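>
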Amino acid sequence: MWLPIFLKALNEAEMQHMGMKISAEDIYSVNKSSLKDAIVHFGGFCTGEIISDQGLVLTNHHCGYRNIQSHSTLENNLLKDGFWSKSLDEELPNPGLFVTFIESIEDVSKKALAGTNDKMTSAERQSTIDKNLDAIRAEYKLEEFHDIIIRPFYNGNQYFLFHTVTFNDVRLVGTPPESIGKFGADTDNWVFPRHTGDFSLFRVYAGPNNEPANYSEENKPYTPKHSLPISLDGVEEGDFTMVFGFPGRTNQYLPSPAVEQIINTLNPAKIDIRDKALKILDKRMRAEPEVRLKYASKFASVANYWKKWIGESTGLKSTNALKKKYVLEKEYAQFAPEGFKDIVPQFKDLYKEIEPYALARDFYSETASRNIEILRQMRNFKRLVSTYENNGEEEYKSLVQRYIPYFDGFYKDYEPSLDQEVF
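Per the working numbering, residue 52 is the first one in the sequence shown, and the count goes up by one each step.
Next up, the structure:
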């Protein structure tokens with residue numbers, strides 16, 4: 052994975068040698084429209100692509116699944132039957148759904164790490180960094196719907212600032228039935244090649260001057276800075292291809308003791324918890340059509356990483372990933388400078404020491420933060436209490452008003468008896 056701001060310096064020549072016909076500036080530029088202006092962070096958890104000059108967004112079916120489900124009833128089941136709007140008036144609003152564009156990216160590592168040194172404890176280092184990040188954010192005066200997001204890379208050795216703009220009016224345009232959009236279901240999930248029509252279409256709407264705006268019937272389709280042209284010519288073997296989007300994170304640099312811990316301890320524990328939860332959900336969903344509709348998106352969400360962890364462990368074992376790590380670490384020890392040659396044995400001791408805490412963290416995450424719905428809401432209730440106690444009645448009332456639509460949606464699809472059974 053490569054950050055687009057570094058493509059010209061690090062990758063452009065190689066990419067063009069491989070057949071790319073555009074420049075790095077055509078991919079990322081702050082001086083003109085570029086591909087980055089057609090790539091959106093969809094809902095904060097997926098990637099979407101602007102494919103028309105009227106804000107049409109192409110994303111995965113599984114990315115739009117939650118919103119498709121929210122519009123579905125037993126009498127009008129969009130999940131089962133699909134949906135295609137025939138006009139702008141038929142497009143369906145989705146409260147809480149947003150898309151975010153990246154305006155610019157900046158390396159702020161020097162500012163973020165200023166004042167840190169190797170003699171600091173981890174807590175001291177992070178405290179210094181947090182103060183630096185607050186100071187960086189204070190440099191920016193932001194317009195409404197604009198934000199500054201600073202993210203650590205390489206375990207906090209680099210920091211990058213993302214200037215973003217977010218649109219909160221995103222409407223469902225079309226989706227195939229889940230027999231196409233989710234063909235293969237969890238059996239095929241995380242397995243390639245795939246044979247599923249995993250797509251859905253949405254549209255971004257903007258205010259009267261094409262600016263970001265909250266939902267309004269008066270909003271108009273957004274005119275983007277750039278949109279991706281669609282070719283109907285097909286592809287040939289050897290054509291240049293690339294992926295541009297929001298991939299999340301990678302842990303490919305973990306040492307062998309960490310990989311061993313994932314394979315032997317952490318993944319099996321998380322898989323077991325979700326396996327039990329999924330079996331309980333599946334039984335009720337098969338027996339009660341209304342529950343199946345309410346819990347379709349929740350089931351898919353829980354099953355997603357359940358299948359991912361199963362495949363991850365299987366893949367690490369089948370590719371002998373640990374043996375390859377051992378070889379790399381042995382080679383590293385031969386050329387590493389003094390003071391770093393024994394770092395892998397130190398890692399082994401440290402990962403053994405933290406294993407009970409890592410396991411406890413995952414147990415907590417899989418129960419209180421994931422599979423038991425009512426416990427997950429406790430954080431929101433806690434925030435309400437904290438806001439009232441620390442910020443007064445006015446801010447509390449304001450927060451309550453922001454929470455009302457969220458809780459309306461939560462209880463619309465909540466089955467207390469089923470949640471109790473999972474508990």
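Each residue gets a CB set at the ideal place from its N, CA and C atoms; glycine is no exception.
A quick note: this is a predicted structure, and the numbers were derived from the prediction, not measured.
Is it buried or exposed, K192, if we count other Cβ atoms within 10 angstroms and call 16 or more buried?
By the 10 Å Cβ count, K192 comes out exposed.
> I102 by DSSP, collapsed to three states: which one?
I102 falls in the coil class under three-state DSSP.
> According to DSSP, is D284 helix, strand or coil?
Coil at D284, not helix or strand.
> What would DSSP say about Y191, mapped onto helix, strand or coil?
DSSP places Y191 in coil when its eight states are reduced to three.
> I'd like to know whether the C-beta atoms of L54 and F211 end up nearer to each other than 8 Å.
The answer is yes: Cβ separation under 8 Å.
> Assuming T215 contacts I200 under a Cβ cut-off of 8 Å, what Cβ separation, rounded to an integer in Å, is found between them?
The pair is a contact, with the Cβ atoms about 6 Å apart (cut-off 8 Å).
> Do F253 and G115 have their C-beta atoms within less than 8 Å of each other?
Cβ atoms of F253 and G115: closer than 8 Å.
> Tell me the residue span of the beta strand (DSSP E) that contains V353.
First-last for V353: 340-369, but that is the alpha helix (DSSP H), not the beta strand (DSSP E).
> Taking DSSP's pairing of strands, which residues face K507 in a bridge?
A query on residue 507 cannot be resolved here, the shown segment of the chain reaching from 52 to 474 and no further.
> Can at least three beta-carbon pairs, one atom from the stretch 144-152 and one from the stretch 216-234, be found at a separation below 8 Å?
Yes: the two stretches touch, three or more of their Cβ pairs being nearer than 8 Å.
> CB-CB under 6 Å to P144, same chain, minus the five flanking residues each way: which ones, in chain order?
Correct list, in chain order: R222, Y266.
> Nearest to E299 by alpha carbon, out of H92, Y79, M71?
It should be pointed out that residue 299 corresponds to Gly in this sequence rather than to Glu. Of the listed residues, the one whose Cα sits closest to G299 is H92.
> Evaluate N183 with the Cβ neighbour count: other Cβ atoms within 10 Å of its Cβ, from every protein chain shown; 16 or more gives buried, anything less gives exposed.
With 16 or more Cβ atoms within 10 Å of its Cβ, N183 is classed as buried.
> Nearest to A409 by alpha carbon, out of Y465, N442, V395, K321?
When only C-alpha atoms are compared, the closest one is K321.
> Where does I201 fall in DSSP's three states?
Note: I201 maps to strand in three-state DSSP.
> Assuming H277 and S85 form a contact by the criterion Cβ under 8 Å, report the distance between their Cβ atoms to the nearest whole angstrom.
Indeed they touch by this definition, with Cβ atoms about 6 Å apart.
> Mind the definition here: the stretch 301-309 touches the stretch 394-404 only if three or more C-beta pairs lie below 8 Å; say whether that holds.
Yes: at least three Cβ pairs fall under 8 Å.
> DSSP puts Q303 in a beta bridge; with which residues?
Paired residues: none, contrary to the question.
> Give the single residue among E262, A328, F57 whose Cα lies nearest to the Cα of D158.
Checking every option, the nearest Cα to that of D158 belongs to F57.
> Just how far apart, CA to CA, sit I78 and S155?
C-alpha separation (whole angstroms): 12 Å.
> Using the Cα positions of R343 and Q120, report the straight-line distance between them to the nearest angstrom.
Distance between the alpha carbons of R343 and Q120 is about 10 Å.
> In angstroms, rounded to a whole number, what distance separates the CA positions of E472 and N422?
Going from the Cα of E472 to the Cα of N422 covers about 11 Å.
> What's the gap between the Cα of F350 and the Cα of S420?
Rounded to the nearest angstrom, the two C-alpha atoms are 15 Å apart.
> Here's the rule: buried if 16 or more other CB atoms are within 10 angstroms of the residue's CB, otherwise exposed. What is G166?
G166 should be labelled exposed.
> To the nearest angstrom, how far is it from the Cα of V242 to the Cα of R117?
So the alpha carbons of these two residues sit roughly 22 Å apart.
> Pick out the complete alpha helix (DSSP H) segments inside the stretch 378-438, 4 residues or longer, and give them in chain order.
394-417, all fully within the stretch 378-438.
> Tell me whether F152 sits in a helix, a strand or coil according to DSSP, three-state version.
Three-state result, F152: strand.
> Ends of the beta strand (DSSP E) at R117?
From DSSP, R117 is part of no beta strand (DSSP E) but of the alpha helix (DSSP H) over 112-121.
> Curious, which full-length alpha helix (DSSP H) runs of at least 4 residues does the stretch 125-152 contain?
Listed in chain order, they are 129-132.
> Report back the beta-carbon spacing between G70 and D284 to the nearest angstrom; my notes put them in contact at under 8 Å.
Their Cβ separation, rounded to whole angstroms, is 15 Å, which puts G70 and D284 out of contact at 8 Å.
> Is the beta carbon of K131 closer than 8 Å to that of E229?
Result yes, Cβ atoms of E229 and K131 sit closer than 8 Å.
> Would you mind sorting V353 into buried or exposed? The rule is 16 or more other CB atoms within 10 Å of its CB.
V353 should be labelled buried.
> Classify N240: buried if its beta carbon has 16 or more other beta carbons within 10 angstroms, exposed otherwise.
Buried is the call here.
> Any idea if L401 is buried or exposed, counting beta-carbon neighbours within 10 angstroms, 16 or more meaning buried?
Looking at its Cβ environment, which holds fewer than 16 other Cβ atoms inside 10 Å, L401 is exposed.
> So the beta strand (DSSP E) H214 belongs to, where does it begin and stop?
Note, H214: beta strand (DSSP E), 209-218.
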